[in-house]
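Step one of this worksheet: look at the structure below.
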Amino acid sequence: MTGMTTVALLHAINLGAKRQVPMADLRALLGDLGARDVRTYLQSGNAVFGAGEAPDLRGRLEGALAERYGFPVPVTLRTAEEWREVATGCPEHLSTEAVTVAFLGAVPHADAVAVLRGRDVRPERWEVVGRTVYQTVPVGVRNLKLSHAVLERVLGVSATVRNWRTVQAVAALLGG
Numbered sequence: 583m584t585g586m587t588t589v590a591l592l593h594a595i596n597l598g599a600k601r602q603v604p605m606a607d608l609r610a611l612l613g614d615l616g617a618r619d620v621r622t623y624l625q626s627g628n629a630v631f632g633a634g635e636a637p638d639l640r641g642r643l644e645g646a647l648a649e650r651y652g653f654p655v656p657v658t659l660r661t662a663e664e665w666r667e668v669a670t671g672c673p674e675h676l677s678t679e680a681v682t683v684a685f686l687g688a689v690p691h692a693d694a695v696a697v698l699r700g701r702d703v704r705p706e707r708w709e710v711v712g713r714t715v716y717q718t719v720p721v722g723v724r725n726l727k728l729s730h731a732v733l734e735r736v737l738g739v740s741a742t743v744r745n746w747r748t749v750q751a752v753a754a755l756l757g758g
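At position 128 of the sequence shown (counting the first as 1) the number is 710 in this note's numbering, and the numbers step up by one without a gap.
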């Protein structure tokens, strides 16, 4: 991983009074773990950084966050290249509407995707692409039938969701 640019997505932080992780603290914590040139976007746990030799970076970051804040913070990592693929890979049939992106912890099993396809979530539309779910948001995020919790439960993998604007803004932080 020498010199690899990485994106870290912290799950479910800064949404309420009890799960606060200040971005300055996140930048410092990542620096303590050997990350370089750490930049964050918004207050929702999006960090871009250079990673050196960092075996089990995700596990070490999750452990350090739990130790510092006293609650578990799942983390999803993507390389810069993987992020760029997500930022340019929204299926065309979904790109005419507002879209959110769920970053999955693993590729979901085909049987789980089939179960998800069996759910009536209209007017929402969605597509699984590898470890990513692109989803339209026709009636607003708060009214989603295919919520973050449903994705995790039905697909059997961890997920963290970002809106399309955030996906694009992090892509801009990555440059190139």
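Ideal placement from N, C-alpha and C gives every residue a C-beta, glycine not left out.
Query raised in the report: Quick one, which of R640, V710, A629 and L647 has its alpha-carbon nearest V689's?
Result: Translated into the one-based positions of the sequence shown, residue 689 becomes position 107. The shortest Cα separation from V689 among R640, V710, A629 and L647 belongs to V710.
Report task. Mind checking who Q625 pairs with in its DSSP beta bridge? Result -> Translated into positions along the sequence shown, residue 625 becomes position 43. In DSSP, Q625 forms no bridge with anything.
Requested in this report: Go ahead and pull the three-state DSSP assignment for Q750.
Outcome: Mapped onto the sequence shown, residue 750 falls at position 168. Reduced to three states, the DSSP call for Q750 is helix.
Query raised in the report: Using a Cβ-Cβ cut-off of 7 Å (strictly less than) and excluding sequence neighbours within five positions of V752, which residues of its own chain qualify?
Result: Counting from one through the sequence shown, the residue named residue 752 turns up at place 170. Hits under 7 Å: V589, Y623, N628, V630 and W665.
Query raised in the report: Could you give the distance in angstroms between the alpha-carbon of L733 and the alpha-carbon of A741?
Result: By one-based count along the sequence shown, residue 733 stands at place 151. By one-based count along the sequence shown, residue 741 stands at place 159. Using only the alpha carbons, I get a separation of about 7 Å.
**Report entry** Cβ-based neighbour list, N596, same chain, cut-off 8 Å, excluding 5 preceding and 5 following
**Finding:** To locate residue 596, count along the sequence shown from 1; it is residue 14. If we look at N596 and ignore the five residues flanking it on each side, its Cβ neighbours are Q602, V603, Q625, S626 and G627.
**Report entry** Under 8 Å between C-beta atoms of Y716 and L755
**Finding:** To locate residue 716, count along the sequence shown from 1; it is residue 134. To locate residue 755, count along the sequence shown from 1; it is residue 173. It is not a contact, given that the beta carbons lie outside the stated cut-off.
Report task. For my contact list, E658 and G687 are in at a C-beta cut-off of 8 Å; report their separation, rounded to the angstrom. Result -> Indexing the sequence shown from 1 puts residue 658 at position 76. Indexing the sequence shown from 1 puts residue 687 at position 105. A quick correction: the sequence has Thr, not Glu, at residue 658. T658 to G687, Cβ: 6 Å. Contact.
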